[in-house]
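Worksheet for the structure shown next.
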Amino acid sequence: MSNSDFHLKNVVMSDGSSVEIEVREHRIARIGTTLETDLPAVEGHGAMVLPGLVDLHTHLREPGKENSETVLSGSQAAIKGGYTALSAMANTSPVADTAGVVEQVARLGKEAGLCDVFPIGAVTVGLKGESLAELSAMAQSAARVRIFSDDGHCISDPLLMRRALEYVKACGGVIAQHAQDPLLTVGSQMNEGIVSSRLGLKGWPTVAEESIIARDILMAHYVQSRLHICHLTTKGGVELVRWAKSQGIAVTAEVTPHHLMLTDDLAESYDPVYKVNPPLRTAADVQALREGLADGTIDIVATDHAPHPAEDKDCEWSAAAFGMIGLETALSIVAKAMIETGLMDWDTLVKRMSTMPAAIGGYEDHGTLAIGRTANFMVVDPNATWKVDRNHLFSRSSNTPFHDFTLPAPVIHTFFRGVHVLRDGQLTGLKYE
Amino acid sequence: MHTPHLLSINDLTKSEALEILDTARELSRITDGAIKKLPTLRGRTVVNLFFEDSTRTRLSFEAAAKRLSAEVINFSAKGSSVSKGESLKDTAQTLEAMGAELMIIRHPTSGSAQRLAESGWVKSHIVNAGDGMHEHPTQALLDAYTIRSHFPEHDRDFTGLRIGIVGDILHSRVARSNVLLLTALGARVVLIGPPTLIPVGAYSWPVDISYNLDEEIGTLDAIMMLRVQSERMSDAFFPTEREYARDFGLGTQRLKSLRKSAIIMHPGPMNRGLEISAASADSPQSVILEQVANGVLVRMAVLYLLMGGTSIPTEGVLV
Numbered sequence: 001m002s003n004s005d006f007h008l009k010n011v012v013m014s015d016g017s018s019v020e021i022e023v024r025e026h027r028i029a030r031i032g033t034t035l036e037t038d039l040p041a042v043e044g045h046g047a048m049v050l051p052g053l054v055d056l057h058t059h060l061r062e063p064g065k066e067n068s069e070t071v072l073s074g075s076q077a078a079i080k081g082g083y084t085a086l087s088a089m090a091n092t093s094p095v096a097d098t099a100g101v102v103e104q105v106a107r108l109g110k111e112a113g114l115c116d117v118f119p120i121g122a123v124t125v126g127l128k129g130e131s132l133a134e135l136s137a138m139a140q141s142a143a144r145v146r147i148f149s150d151d152g153h154c155i156s157d158p159l160l161m162r163r164a165l166e167y168v169k170a171c172g173g174v175i176a177q178h179a180q181d182p183l184l185t186v187g188s189q190m191n192e193g194i195v196s197s198r199l200g201l202k203g204w205p206t207v208a209e210e211s212i213i214a215r216d217i218l219m220a221h222y223v224q225s226r227l228h229i230c231h232l233t234t235k236g237g238v239e240l241v242r243w244a245k246s247q248g249i250a251v252t253a254e255v256t257p258h259h260l261m262l263t264d265d266l267a268e269s270y271d272p273v274y275k276v277n278p279p280l281r282t283a284a285d286v287q288a289l290r291e292g293l294a295d296g297t298i299d300i301v302a303t304d305h306a307p308h309p310a311e312d313k314d315c316e317w318s319a320a321a322f323g324m325i326g327l328e329t330a331l332s333i334v335a336k337a338m339i340e341t342g343l344m345d346w347d348t349l350v351k352r353m354s355t356m357p358a359a360i361g362g363y364e365d366h367g368t369l370a371i372g373r374t375a376n377f378m379v380v381d382p383n384a385t386w387k388v389d390r391n392h393l394f395s396r397s398s399n400t401p402f403h404d405f406t407l408p409a410p411v412i413h414t415f416f417r418g419v420h421v422l423r424d425g426q427l428t429g430l431k432y433e
Numbered sequence: 001m002h003t004p005h006l007l008s009i010n011d012l013t014k015s016e017a018l019e020i021l022d023t024a025r026e027l028s029r030i031t032d033g034a035i036k037k038l039p040t041l042r043g044r045t046v047v048n049l050f051f052e053d054s055t056r057t058r059l060s061f062e063a064a065a066k067r068l069s070a071e072v073i074n075f076s077a078k079g080s081s082v083s084k085g086e087s088l089k090d091t092a093q094t095l096e097a098m099g100a101e102l103m104i105i106r107h108p109t110s111g112s113a114q115r116l117a118e119s120g121w122v123k124s125h126i127v128n129a130g131d132g133m134h135e136h137p138t139q140a141l142l143d144a145y146t147i148r149s150h151f152p153e154h155d156r157d158f159t160g161l162r163i164g165i166v167g168d169i170l171h172s173r174v175a176r177s178n179v180l181l182l183t184a185l186g187a188r189v190v191l192i193g194p195p196t197l198i199p200v201g202a203y204s205w206p207v208d209i210s211y212n213l214d215e216e217i218g219t220l221d222a223i224m225m226l227r228v229q230s231e232r233m234s235d236a237f238f239p240t241e242r243e244y245a246r247d248f249g250l251g252t253q254r255l256k257s258l259r260k261s262a263i264i265m266h267p268g269p270m271n272r273g274l275e276i277s278a279a280s281a282d283s284p285q286s287v288i289l290e291q292v293a294n295g296v297l298v299r300m301a302v303l304y305l306l307m308g309g310t311s312i313p314t315e316g317v318l319v
């Protein structure tokens, strides 16, 4: 018996059935309605047990900007939000474009020991969009990178995009594209539309996203490779992905929690906490994103957790950094946007926030709650609420747009490889070693 | 006025806008004679916080403050605050620590004035003297003042007046403030320019939009020519200056199509020969210099009303 073995009782599955779960040697040993066991019990109080959430889009800022987030603080925020796996975006300093950097990030993740941290490799050297990084070296490194992305920058050169899509076929990888035509968005500050025209802020037109999505869907089909669209924000983008799937093209797409909840009207305050890239769009876009997530056109929710220090947001709009944090609020926002509205049930939420992201990333230890699987799961109370306080988050940064929101579905427990890393919403100090 | 700041024309009700215009007219009457200076704001400190070069606007505000006997501190930083150096927050807090009670801010980025007013960084009254492509409310107020002085039958309501704003609407804070104010006062505004320089969202505004100046010019009571910034050329908003001047400039020939009762306006500084010909700028219908003079009066009224004035002293005091 390992000292982390335990028995979780009095919880329900996402389909509503009551269960007990026995964890031995970091794996799920038994699941049953009542289990005879001598292991110490964790009381679930009737809350819901779900597989640990999986994020394919996280900015951890280490190495380089440890004042806004580290791998450790990001891991703490992750388990607070019910995540057991993160994917660390490549735009660190130095950029994660070599085997050395991705291995460093993976090692920091293991040292933190709170969740799996899977590095994403840059597609191009220095994210400059000029020449391919050593993708194969990153894939074969100890970090075993499978997702490659220049996120923050679009791979706008069509030839380079073609080569990248082709090249990663060798390692079974996927290119995660930040769809933003750079020439259509020079200096852009927010969604181009009625609000930007009134506010005099330079617009980021939806066509700058949709034209790249359309091009890359055609390209992925042509070279028969896998394409993943990061942070879809537009109604037209949803329609393009829906068409691509109807044609059998291997495209997957993600949406962030904030794009499921917030609109560009919030820029009226000129408060840069609402400044994010891609920008908040209109209510019609939000509705299309919700429908796309419900019907599976959009495969997954990804946080695009983007921490920034206070001074990068406590300034005028145009001087501020783009980005919002989201790990700690993601599940609650999706529950509010999708479950409270009746668009989705908990089973579907599990697919979109755990099973599918694990499948896209190839994260075999995640995404499923079943006997024999690694014990990565969490307990959420769907009937309780909590209030977001930006001054009491586990993230090192406080740039959440949901400060003071009362949200459903607080995360109660998180178990990472069987280790009880979050108990009653608090860090236990335990970690997987 | 109910608002402690003037950030946008949206901060004003129609009656408050008229109160500013009436106050400016009253100040004009008082300062028209021997008395040039009022003691109203004696001992109060006003700061010109200019993050963008604008000698005209700064001098106009400075003249307005001084005629009300306020102390004026001028701060100017070339280039944008985004570039290295002290932030807007630090600059404003520093100047408030020196005693500023009202800050007149000119900034290259939209929303900076509102941010300064609402962020909690400072307690001062804030007057927006132009923020990026957003608004320039005192310019709209001085334009409205100028228009009504030429159309006395529309003293309290501009219904029936048709006012053209011509040129680069997209990047113009003057246009945005004027659309809000002139339509609030009842005028019909028509925005005229090449489609590339009309904001995407302008089609939801309560205005007419035209790409053809010749079709509109004979219908206008006032025509406001906007300055063409030379950097728009490199961004391919229009092919050449020559083509722009031909289609949207108030040239000598086009001037003949203007109604004789119509007035010609320009917020300055002008590009003579581009958006406006010398003959138009200097014609008897041009009110461009009146706009400059009225700017001081309107800004006096704004400072006066924001800093606690309620009524105008009927007897001026020489100081």
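Respectively, the protein sequence lines represent chains V and F.
Position 266 of the first sequence, counting from 1, maps to 266 under this note's numbering, and the rest follow consecutively.
Position 168 of the second sequence, counting from 1, maps to 168 under this note's numbering, and the rest follow consecutively.
Cβ atoms here follow ideal geometry from the backbone N, Cα and C, with glycine treated the same way.
- Residues of chain F whose Cβ lies closer than 7 Å to the Cβ of Ser196 of chain V are, in chain order, Gly201.
- The alpha-carbon separation between Arg176 of chain F and Asn10 of chain F amounts to approximately 11 Å.
- 9 Å or more divides the Cβ of Leu343 of chain V from the Cβ of Arg281 of chain V.
- Burial state of Glu433 of chain V is exposed, judged by a 10 Å Cβ sphere holding fewer than 16 other Cβ atoms.
- Residues of the segment 300–319 of chain V with a C-beta atom less than 7 Å from some C-beta of chain F are Asp314, Cys315, Glu316, Trp317, Ser318 and Ala319, listed in chain order.
- With respect to the 9 Å criterion, Gln76 of chain V and Leu427 of chain V are classified as neighbours on the basis of their beta carbons.
- Bounds of the alpha helix (DSSP H) holding Trp243 of chain V are Lys235 to Ser246.
- Here Ile371 of chain V is exposed. Its C-beta has fewer than 16 other C-beta atoms within 10 Å.
- In this structure, Gly109 of chain V lies near Val71 of chain V, with their beta-carbon atoms less than 9 Å apart.
- Excluding the 5 residues flanking it on each side, Leu199 of chain V has same chain C-beta neighbours closer than 8 Å at Met190, Ala267, Glu268 and Tyr270, in chain order.
- Nearest in C-alpha terms to Leu226 of chain F, of all of F:Ser124, F:Ser261, F:Phe248 and F:Glu241, is F:Phe248.
- Between His134 of chain F and chain V, the shortest Cβ-Cβ separation is below 9 Å.
- Looking from the CA of Ser204 of chain F, the closest CA among F:Asn212, F:Asp214, F:Leu191 and F:Glu216 belongs to F:Leu191.
- Beta-bridge partners assigned by DSSP to Asn48 of chain F: F:Asn74 and F:Ile104.
- Annotation for Ile276 of chain F: no alpha helix (DSSP H) segment contains it, and DSSP assigns it neither H nor E.
- Between the beta-carbon of Leu185 of chain F and that of Ala144 of chain F there is about 6 Å, and that keeps the pair under the 8 Å contact cut.
- In terms of Cβ geometry, Ala129 of chain F and Ile105 of chain F form a close pair [threshold 9 Å].
- For the segment 159–175 of chain F, the residues whose beta carbon sits under 7 Å from a beta carbon of chain V are, in order, Arg173.
- Around Glu209 of chain V, the same chain offers Ala179, Gln180, Thr233, Thr234, Gly237 and Pro278 as residues with beta carbons nearer than 7 Å, after the five sequence neighbours per side are excluded.
- The segment 43–63 of chain V and the segment 4–20 of chain V touch, with three or more beta-carbon pairs separated by less than 8 Å.
- In this structure the segment 54–65 of chain V does not lie against the segment 25–33 of chain V, because fewer than three pairs of beta carbons, one per stretch, are closer than 8 Å.
- One finds Cys315, Glu316 and Ala319 in chain V with Cβ atoms closer than 9 Å to the Cβ of Leu88 of chain F, taken in chain order.
- Put simply, the CB of His5 of chain F is far from chain V, with every gap to its CB atoms at 9 Å or more.
- By the rule that beta-carbons nearer than 9 Å mark a contact, Gly193 of chain F does not touch chain V.
- Exclusion of the five residues before and after Leu407 of chain V leaves Thr329, Ser332, Ile333, Ala335, Lys336, Thr385, Trp386, Lys387 and Val388 as the residues of its chain whose Cβ lies within less than 8 Å of its Cβ.
- In this structure, DSSP gives His266 of chain F a state outside helix and strand, which the three-state scheme calls coil.
- By the neighbour-count criterion, in which 16 or more other beta carbons inside 10 Å mark a residue as buried, Tyr222 of chain V falls on the exposed side.
- Interface flag for Arg29 of chain F against chain V is unset, since no Cβ pair is found closer than 9 Å.
- Using a 10 angstroms sphere on the CB of Thr414 of chain V, the tally of other CB atoms reaches 16 or more, which defines it as buried.
- Boundaries for Lys66 of chain F: no beta strand (DSSP E) harbours it, while the alpha helix (DSSP H) harbouring it runs Thr55 to Arg67, taken from the DSSP string.
- Linking Ala92 of chain F to Phe75 of chain F through their CA atoms gives a straight-line distance of about 10 Å.
- Along the length of the segment 378–416 of chain V, whole beta strand (DSSP E) runs at least 3 residues long occupy 385–387, 406–408 and 411–416, reported in chain order.
- A contact between stretches requires three or more CB pairs, one per stretch, nearer than 8 Å, and the segment 118–132 of chain F fails this requirement with the segment 144–153 of chain F.
- Rounded to the nearest whole angstrom, the CA to CA distance from Ile30 of chain F to Lys36 of chain F is 8 Å.
- Taken in chain order, the members of the segment 196–224 of chain V whose beta-carbon sits within less than 9 Å of a beta-carbon on chain F are Ser196, Ser197, Arg198, Leu199, Gly200, Leu201, Lys202, Gly203 and Pro205.
- DSSP places Arg156 of chain F in no beta strand (DSSP E); its state is neither H nor E.
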